[in-house]
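Visitor:
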C-alpha cells in the first residue's frame, strides 16, 4: 500500500514537466482529506480512490472519422496522455476506461504500447451516462469475477481532457469526501441564452451567475452508484451532468471547485492543434548539450549554453558523466557536439543510452548531432559519407521515436554565426 | 457604390484561402435580403452596412501582459486578421474599432502597416458595452465632424474572432434586416450550472435547451442605438449581451443563427496556438514549383510535383511564365529549382516579383531555393560561397516577411531520396 498523505510519496513527477501541487501544499490538502474521514487516523489513512473515464464517444464534432480520444498528438493517441496524467497520481488505485466494443482491441494496443498500468476496460454504453454507469458497475463489489475492489471515492474524468493536474484531482477528491460530491467549474466564455421554439431569443442568462461545469468530478462511490441505479432511462439517454444525478437522486449538493484553464475539453480540430502546441512547449523547455571532455569543445559548449539560455528555462551542459541522470529527469532534447572525433562516437553512445531508457515511448526525443570539421585537412567526399552515415542512423532510431538530425560544420574556423545556426535548428 | 447582391461583386476572395459562401448560394441569400427591405428593388438595393469592433479588452484571462487582440500570430497582431476578414466583404462600408487611448497609436500603426482600409478609430469605454456604444455614437448622424454616415444595419463583432466568414455575416445581416436583431449561436460544450452562495451546486441547466451566444451579431442601427441610449448604467457596467439590450429596451426578439465552430473567441493562450496552426494550415495548402525551361528540370519538377501532391491540395509547376498570375492568386509557398544556372538567377527573379507584389504584407512567404550541382565538376569551395550568398539574400528578404531557405544538392546523380528531402523541408 502506498503512503498517505501523497505529498511524501516518492519521486515527485512521473509525467514529464506537468505542473502539480507539491510538498507542503499537497500535504496540507491531504491531511484535510484524512481528517474528514470518520474514524481515520490523521495523516495515514489513504482513502481508496478509483477513476472512471468514459471514452465511447464518436467525435462527430471534430469533423474527422477518428473519435477524438484516439486522434494522434505527436503520433500518440490523445487518451494515452489522459491516462498518463491519471496514472502518475500515486493514490489513484484503479482506472476504468469505457470504450466501444469496436475500439476495445485498439485500446488494448494503446495500453500495451505506452505501458499504461492499472487500467481496466469495460464496454461503453450508447450515451455518456451509460458508459459511466458501466464503469461504476465494474468497480462495485457485487460484480462477479471482478479483480477491482469498490473504492471509497470515485473520480469521473473525460478521456479528452489530457492536462488534468494532481492538485485539482486532490481538491475534488477531498471535497467529495466531505460533501459527497464535487466538481471542477470554470467561468463562462460566452453568454448563455435560451432560444424560443421559433429560433429567436427567449432570454439570456446573467453570465456572472453561471459557470461551466468541467471535469474532473469526484463522488463518494456509494452516492453516485446509488444515483445511477435509481435514475430514469430519460436521464441515462439525455442527461449530461453527473452532479445533477447526485442532487436529484441523493440530495447531495456538490461542492464546486474553481479549476484552471488547462481543464478544457478537446472538442474541435483546433483543440488538437492547441494540445499539440502545449505538449511541444512543455517538452522543449529543457535541453542538454553533450560535449566530449576536450578543451575547445568546452568552449563551444559553454557559448552554445549561453545562447540557448536566452530562449530556454533549463539548459545543461555535460561531458557525458551525468547523462544517465539527465535522461532519468526526462530531458527530451539533446545537442551532441563532436569536435575531435569523426565517427559520431558520442552521438552513438547517447543514442544507446536513450534506447535503453525507454524515454521515447511517451514523447519524441530530439537529438542534433553536430560535427565540427577542419575544412582544409579533411577531404570533402569523406565527410559527405559521414553525413550519409548519420542519415542511416536517423532512419534506424526514428523507429523508436528518436528524431536524429546531423549538422556538419565544415569551415576553417567556426564562428558565432554557426552557433546561431545550431540555435535556430533547435527551434525549428 | 458597389454592386448588390454581393454574389456578383468582382474578385471572389481578397483574403487568402478563407472559405466563404460563393456564387449561387450567396446570390440566393442576398436576394432574400433585398426582398425583405420595404420598397427595395429586388437585386439592386444594397443596405448600408457598417461594423463595430470593441477592442478595448485587457486580455487578463490570457495570462500575458499584451491584450489578446494585439498578440502576434505569425508576427501579425490578431486584430489585423479580424479586420482583414471584415474588409474583404465588399458590402461592409465602414469598420469602427474601439480601442483604449493607450493603444490608439499602436492601432494606427497596425492599420498603416497592414494597409487596412475603411477603418475608423474611437476611444473604448471601461466595459465592452460602453465601447460598443462609443462605436455606435460615431456612426450616428447626430455626431458633428464625423466622416461616417449612419448605416441601416450594424454588425457587432469581436476583435478576437479572426475566422469569421462572409456567409455568416450575410446571414446575420439578412436576419437583422427582417427581425431587427440577429446573432450567431453555437451548441454548449459544457453543461452550465448555477452555484449557490456557499459555492455548492444549486441547479444545472439542460444543455439541449441552451446555446452559447457568439459573434457576429447584427442589428437595425436604429434598434440597437435606441437600446444603448435607453439602457441603465448597470447594464453598461455589468451586461455582456447586446441581444439582451435589444430585447429589454426595444422588445426585439433576435433571430438566432447557427454558426460554425470557426466563430470561437481567442480567449486563452491555447487559443493563440490553435489560431496560429489554423492559419499555417490554410496558407500552406498551395505550393508552386518554379523551374527554368530545360529538359531535365521538367523531369525533376514533375516528380517533385507528384510527391507534393500526396500531401497538398494545390501544387503547380511553372517555368515562370504564369508566375505573376500565381502570385496574384495568393500562393505563399515556392520551391525554386535551379539546375543549369549556378547563380540563383531564377530565385532572384522570383524574389523580385514577390517584393513588388506586396504579397508578404499579410502572411510570410516561404521560398526554398534548390540548386542541383555536379559533384565531380564543380569545386566545393566555390559552391560553399554560393550557399553563403543565399544566406545573405535570406537576411535581406526576411525584412519583407519572405523566408528564404537554400538547399544545395551536391551529388553526382540526384535520386528520389533527395526529392523526398525537399518534400520534408517543405513540411518542416
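Protein chains in written order, with the numbering used here: chain C, 1 to 428; chain F, 429 to 856. Ideal Cβ placement from N, Cα and C applies to all residues, glycine included. Bear in mind that the values here come from a model prediction, so they are computed numbers and not experimental data.
Which bits of chain F does residue 157/C rub up against, with CB to CB less than 8 Å?
Guide: Under the 8 Å cutoff, chain F gives no residues; its nearest Cβ is about 14 Å from residue 157/C.
Visitor: Any idea if residue 678/F is buried or exposed, counting beta-carbon neighbours within 10 angstroms, 16 or more meaning buried?
Guide: Result: buried.
Visitor: What are the residues in the stretch 228-247 of chain C lying within 9 Å of chain F by C-beta distance?
Guide: Of all residues in the stretch 228-247 of chain C, 238, 239, 240, 241, 243, 244, 246 and 247 have a Cβ within less than 9 Å of some Cβ in chain F.
Visitor: Using the DSSP secondary-structure output, state which residues sit across from residue 185/C in a beta bridge.
Guide: Residue 185/C pairs with 213/C and 258/C.
Visitor: Go to residue 787/F, then tell me how far its alpha helix (DSSP H) extends in each direction, as first and last residue.
Guide: No alpha helix (DSSP H) holds residue 787/F; DSSP gives it neither H nor E.
Visitor: Checking 7 Å against the spacing of the C-beta atoms, do residue 126/C and residue 96/C come in under that value?
Guide: The answer is no: Cβ separation not under 7 Å.
Visitor: Among the residues of its own chain, which have a CB less than 8 Å from the CB of residue 148/C, if the five just before and after it don't count?
Guide: The residues are 50, 94, 96, 120, 138 and 139.
Visitor: Taking the continuous alpha helix (DSSP H) assigned at residue 437/C, which residues delimit it?
Guide: Here chain C comprises residues numbered 1 to 428, so residue 437/C is not present and cannot be evaluated.
Visitor: Taking all protein chains shown into account, decide if residue 503/F is buried (16 or more other Cβ within 10 angstroms of its Cβ) or exposed.
Guide: Exposed: under 16 other Cβ atoms inside 10 Å.
Visitor: Using only CA atoms, which one of 182/C, 401/C, 344/C and 55/C lies nearest to residue 161/C?
Guide: Here the closest residue by C-alpha is 55/C.
Visitor: Near residue 828/F, what residues of its chain come up, given a Cβ to Cβ distance below 7 Å and the 5 sequence neighbours on each side ignored?
Guide: Contacts found: 783 and 788.
Visitor: Which runs of the alpha helix (DSSP H) at least 4 residues long sit entirely within the stretch 658-682 of chain F? Give them in chain order.
Guide: Complete alpha helix (DSSP H) runs here, min 4: 661-666 and 670-678.
Visitor: Does any residue of chain C bring its CB to less than 7 Å from the CB of residue 460/F?
Guide: Caution applies to residue 460/F, whose pLDDT of 43 falls short of 50 and renders its modelled position unreliable; the model cannot decide the point.
Visitor: Could you please give the first and the last residue of the uninterrupted beta strand (DSSP E) stretch that includes residue 316/C?
Guide: Note, residue 316/C: beta strand (DSSP E), 314-318.
Visitor: Closer than 6 Å by C-beta to residue 759/F: which residues in its own chain qualify, once you throw out the five before and the five after it? Chain order, please.
Guide: Taken in chain order, the residues that qualify are 714 and 716.
Visitor: Along chain F, which residues have their Cβ under 8 Å away from the Cβ of residue 213/C?
Guide: Within chain F, the residues near residue 213/C are 618, 619, 620, 621 and 632.
Visitor: Quick check on DSSP: helix, strand or coil for residue 124/C?
Guide: Three-state DSSP puts residue 124/C in coil, outside helix and strand.
Visitor: On a CA-only basis, which of 165/C, 308/C and 47/C is nearest residue 262/C? Give me that one, please.
Guide: Selected option, being the one with the closest Cα: 165/C.
Visitor: Within 10 Å of its beta-carbon, does residue 666/F have 16 or more other beta-carbons around it, so buried, or fewer, so exposed?
Guide: Burial call: exposed.
Visitor: Under three-state DSSP, which class holds residue 578/F?
Guide: Three-state result, residue 578/F: coil.
Visitor: Quick one: does residue 504/F have its CB under 7 Å from some CB of chain B?
Guide: The structure shown contains no chain B; its protein chains are C and F.
Visitor: Provide the residue(s) that pair with residue 51/C in DSSP beta bridges, ordered along the chain.
Guide: Paired residue(s): 95/C and 155/C.
Visitor: Quick check on residue 698/F: does DSSP put it in helix, strand or coil?
Guide: Reduced to three states, the DSSP call for residue 698/F is helix.
Visitor: Give me the chain F residues within the contact set of residue 277/C, using Cβ-Cβ distance strictly less than 8 Å, ordered along the chain.
Guide: Result: 698, 701, 702, 704 and 705.
Visitor: Please go through the same chain and pick out, in chain order, the residues whose beta-carbon is closer than 6 Å to the beta-carbon of residue 452/F, but skip the five residues on each side of it.
Guide: Because residue 452/F carries a pLDDT of 41, less than 50, the predicted location of this residue cannot be relied on, and no value is offered for it.
Visitor: Enumerate in chain order the residues of its own chain whose CB-to-CB distance from residue 574/F is below 7 Å, with the five nearest sequence positions on each side excluded.
Guide: For residue 574/F, where only same-chain residues beyond five positions count, the Cβ hits under 7 Å are 566.
Visitor: Against residue 199/C, what residues of chain F qualify as contacts under a CB-to-CB distance less than 8 Å, listed in chain order?
Guide: Ordered by position in chain F, the residues that pass the 8 Å Cβ test against residue 199/C are 683 and 684.
Visitor: Could you work out which residue in 313/C, 99/C and 248/C is closest to residue 284/C when comparing CA atoms only?
Guide: If we check each option's Cα against that of residue 284/C, 313/C comes out closest.
Visitor: Under 7 Å between C-beta atoms, does residue 495/F make it to chain C?
Guide: So no, residue 495/F is outside the interface.
Visitor: Count the C-beta pairs between the stretch 614-624 of chain F and the stretch 208-222 of chain C that are closer than 8 Å, then say yes if the count reaches three, no if not.
Guide: Because the criterion of three Cβ pairs below 8 Å is met, the stretch 614-624 of chain F and the stretch 208-222 of chain C touch.
Visitor: Nearest-angstrom Cα distance between residue 836/F and residue 315/C?
Guide: One C-alpha to the other measures close to 32 Å.
Visitor: Spatial neighbours of residue 578/F within its chain, please: CB distance less than 7 Å, with the 5 preceding and 5 following residues excluded, ordered by chain position.
Guide: The residues are 567, 568, 569 and 649.
Visitor: By DSSP, does residue 646/F sit in helix, in strand, or in coil?
Guide: Of the three classes helix, strand and coil, the one that applies to residue 646/F here is strand, per DSSP.
Visitor: Find out if the Cβ-Cβ distance for the pair residue 234/C, residue 136/C is shorter than 7 Å.
Guide: The answer is no: Cβ separation not under 7 Å.
Visitor: Could you compute how far the alpha carbon of residue 158/C sits from the alpha carbon of residue 536/F?
Guide: Rounded to whole angstroms, residue 158/C to residue 536/F spans 45 Å at the Cα level.
Visitor: Check whether the Cβ of residue 207/C lies closer than 7 Å to any Cβ atom in chain F.
Guide: Answer yes: the Cβ-Cβ gap between residue 207/C and chain F drops below 7 Å somewhere.
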